[in-house]
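Reading through the structure tokens given below for one structure.
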Amino acid sequence: SQKIEQNSEALNIQEGKTATLTCNYTNYSPAYLQWYRQDPGRGPVFLLLIRENEKEKRKERLKVTFDTTLKQSLFHITASQPADSATYLCALDAGGSSASKIIFGSGTRLSIRP
Amino acid sequence: NAGVTQTPKFQVLKTGQSMTLQCAQDMNHEYMSWYRQDPGMGLRLIHYSVGAGITDQGEVPNGYNVSRSTTEDFPLRLLSAAPSQTSVYFCASRTTTGRPYEQYFGPGTRLTVT
Chain A
1 SQKIEQNSEA LNIQEGKTAT LTCNYTNYSP AYLQWYRQDP GRGPVFLLLI RENEKEKRKE
61 RLKVTFDTTL KQSLFHITAS QPADSATYLC ALDAGGSSAS KIIFGSGTRL SIRP
Chain B
1 NAGVTQTPKF QVLKTGQSMT LQCAQDMNHE YMSWYRQDPG MGLRLIHYSV GAGITDQGEV
61 PNGYNVSRST TEDFPLRLLS AAPSQTSVYF CASRTTTGRP YEQYFGPGTR LTVT
């Protein structure tokens with residue numbers, strides 16, 4: 001069956017450290033994978049997209065990697081801050097095209113302690 | 001631009017009642033979708049549309065109907081509400097051309113079925 005799994009339901013790390021979140025998928029062949037941030041009571045907000053032919057993407061303190069052989073994406077937040085505390089969701093296109101449906105993982109709740 | 005708007009913000013229904021959740025976007029996006037979010041389960045796709053007159057089922061379509069008569073609007077109908085449909089509902093839209101296919105989410109509708 002098709003699955004998207006974010007391995008940690010919750011992650012608690014010290015301010016200043018690097019947070020690493022994992023997204024694994026099975027029986028999909030996505031053209032791209034996305035990461036979103038969701039704060040309590042709000043809708044998700046897009047952060048980064050990485051395409052199947054890209055190994056790594058960066059945006060300020062954020063870095064995403066995509067390994068289509070392992071069927072895995074890693075999401076890193078460097079120099080983490082308490083304001084980075086939120087739920088992070090990975091998502092992929094389920095059909096490999098620009099009009100494909102987007103399927104989400106269950107999310108990882110990240111807490112950064114001062 | 002208002003982005004993606006959803007009404008109502010909150011709704012309480014009795015079992016068996018019907019209602020329509022409204023969603024509108026002013027970004028001329030071709031693709032619109034409905035998700036439900038339950039604790040610990042991330043976002044699950046209900047229905048989606050790649051353009052006016054075209055809709056398709058997502059992961060959890062049972063109990064919900066949709067139609068897309070205009071580019072701007074994508075209402076979600078609950079024909080006979082059940083307690084299992086208690087959830088937070090998010091509408092989202094995105095372009096299917098250009099880059100980068102990121103989804104824009106509305107603020108959500110919190111629905112309780114008693």
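Keeping their order, the protein sequence lines are chains A and B. Take the first sequence: its position 63, counting from 1, is numbered 63 in our numbering, and each next residue is one higher. Take the second sequence: its position 89, counting from 1, is numbered 89 in our numbering, and each next residue is one higher. The beta carbon of each residue, even a glycine, is placed where N, CA and C say it ideally should be.
Proximal residues to residue i (C-beta, below 7 Å), its chain only, five neighbours per side dropped
i, result
"K14 (chain B)", "T114"
"N53 (chain A)", "none"
"P30 (chain A)", "E52, L92, D93, G96"
Other residues of its chain near residue i: CB distance less than 6 Å, five sequence neighbours each side excluded
i, result
"H29 (chain B)", "S93, R94, T95"
"A24 (chain B)", "T5, E72, D73"
Short CB-CB distance (under 8 Å) between residue i and chain A
i, result
"V50 (chain B)", "yes"
"T127 (chain B)", "In the structure as shown, chain B starts at 1 and stops at 114, and residue 127 (chain B) therefore has no counterpart that could be examined."
"F10 (chain B)", "no"
"T13 (chain B)", "The amino acid occupying residue 13 (chain B) in the given sequence is Leu; Thr does not appear at that position. Output row for L13 (chain B): interface = no."
"F74 (chain B)", "no"
"P83 (chain B)", "no"
"L45 (chain B)", "yes"
"P107 (chain B)", "yes"
"T86 (chain B)", "no"
Residue-level contact to chain B via CB, residue i, 8 Å cutoff
i, result
"P30 (chain A)", "no"
"R42 (chain A)", "yes"
"L56 (chain A)", "Per the sequence shown, residue 56 (chain A) should be read as Glu rather than Leu. Output row for E56 (chain A): interface = no."
"S106 (chain A)", "yes"
"L89 (chain A)", "yes"
"I103 (chain A)", "yes"
Cβ-Cβ distance between residue i and residue j below 8 Å
i, j, result
"Y32 (chain A)", "D93 (chain A)", "yes"
"L45 (chain B)", "N65 (chain B)", "no"
"R51 (chain A)", "T78 (chain A)", "no"
"K55 (chain A)", "F46 (chain A)", "no"
"L111 (chain B)", "Q17 (chain B)", "no"
"G63 (chain B)", "Y89 (chain B)", "no"
"T55 (chain B)", "S98 (chain A)", "no"
"K57 (chain A)", "L48 (chain A)", "yes"
"G40 (chain B)", "E15 (chain A)", "no"
"P61 (chain B)", "Q22 (chain B)", "no"
"K17 (chain A)", "S80 (chain A)", "yes"
"Q38 (chain A)", "E102 (chain B)", "no"
When the options are compared against residue i, the one with the closest alpha-carbon
i, options, result
"H47 (chain B)", "B:G98, B:Q57, B:Q85, B:D38", "B:Q57"
"M27 (chain B)", "B:R110, B:Y104, B:L111", "B:Y104"
"P82 (chain A)", "A:I4, A:L74, A:R113, A:S97", "A:R113"
"Q37 (chain B)", "B:S87, B:Y31, B:V60", "B:S87"
"S100 (chain A)", "B:Y35, B:S49, B:M41", "B:S49"
"S1 (chain A)", "B:G40, B:A2, B:W34, B:E59", "B:E59"
"A82 (chain B)", "B:M19, B:G3, B:N1, B:M32", "B:M19"
"N7 (chain A)", "A:G96, A:L49, A:Q72", "A:Q72"
"F75 (chain A)", "A:G41, A:Y28, A:V64, A:D39", "A:V64"
"C91 (chain B)", "A:S29, A:K3, A:G43", "A:G43"
"I4 (chain A)", "B:Y31, B:Q85, B:L43, B:S84", "B:L43"
8 Å Cβ shell around residue i - same chain, five flanking residues per side excluded
i, result
"G53 (chain B)", "R68, S69"
"L11 (chain A)", "A19, L21, T108, R109, L110, S111"
Do the segment 82 to 90 of chain A and the segment 100 to 110 of chain A touch if we need at least three Cβ pairs shorter than 8 Å? The segment 82 to 90 of chain A vs the segment 100 to 110 of chain A: in contact.
Determine, using beta-carbon pairs with one atom in the segment 1 to 10 of chain B and one in the segment 14 to 31 of chain A, whether at least three such pairs fall under 8 Å. Under the 8 Å Cβ criterion, the segment 1 to 10 of chain B does not count as touching the segment 14 to 31 of chain A, having fewer than three qualifying pairs.
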